[in-house]
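Positions 217 to 387 (the numbering used here) are the ones given, in order, by the sequence shown. Single-structure report; data block below.
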Amino acid sequence: MAEKTEDVYFKNIEPYCDAHLRIMIYEFMIEKAYIDSKKGNEILAECVSKTQMISYLISLLSPTYDDQNLPKDLSERQSKAAKRLGDMKAKFDPIGIILSSEKFNSLVEIYSTDHDSLLKHCMSCFDLPRNFLSVIYKYAILLYDTGSYMDCDAVLNLYACLIKKDSQSYL
């Protein structure tokens, strides 16, 4: 099967895309039959293997391997990713509860242009750990890397409320 124009165009920009963007594009290209599904699934599995989306990788590889012959490191990687996600979720949950409260939302409205005052009030009004911004950001990155894009978006929206727009930490 000859490569279609869309596949050729994507190969030109592919080096500039992260693994998650490549995954979404290849899923689209396979669905629309721009590339052969067997070749596309092989490329997709390669892209997914560079992320923490281990369950998805196993589902992509299962037609090739039976369950007993899956690469041994996949179950280990899956348990490590689940543990890491669980640990970060445990750190984030108390912060997330506070940041989803009405009191926090009213502070965001009051101090929407004064981030320093917002952070001071958050630290004085709530029992937040000193590194709470770092916890939020690391949790968002982990959600993204595990393919939980909607959850990542919600967490990043909270993070964006707390960071100055001209800061290097701003997304």
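No residue lacks a Cβ here, since even glycine has one placed at the ideal position from N, Cα and C.
Find out if the Cβ-Cβ distance for the pair residue i, residue j is shorter than 8 Å.
i	j	result
I270	A306	no
I352	I313	no
C263	Y242	yes
Closer than 7 Å by C-beta to residue i: which residues in its own chain qualify, once you throw out the five before and the five after it? Chain order, please.
i	result
E230	R238
Below 8 Å CB to CB, which residues in the same chain sit around residue i once its five sequence neighbours on both sides are set aside?
i	result
L335	L378
I323	The displayed chain sequence assigns Leu, not Ile, to residue 323. L334, H337, C338 and C341.
Y375	L349, I352, Y353, A356 and L387
Report back the beta-carbon spacing between residue i and residue j to the nearest angstrom; my notes put them in contact at under 8 Å.
i	j	result
L372	A356	5 Å
L276	L260	6 Å
L273	L290	7 Å
For the alpha helix (DSSP H) containing residue i, list its first residue and its last residue.
i	result
G302	K288 to L315
D361	F348 to D361
E243	A235 to E247
M366	Y365 to L378
L335	H331 to C341
I270	I270 to L277
E325	E318 to I326
K255	S253 to V264
Could you name the residues of the same chain whose beta carbon sits closer than 6 Å to that of residue i, not counting the 5 residues immediately before and after it, in chain order?
i	result
H331	K380
M217	With a pLDDT of only 48 at M217, under 50, the local geometry of the prediction cannot be trusted, and no value is derived from it.
T267	A235 and D361
R293	I270
I287	Looking at the sequence itself, residue 287 is Pro, so the reference to Ile does not match. Result list for P287: empty, nothing under 6 Å.
Cβ contact check for the region 288-304 and the region 355-369: 3 or more pairs under 8 Å
Because the criterion of three Cβ pairs below 8 Å is met, the region 288-304 and the region 355-369 touch.
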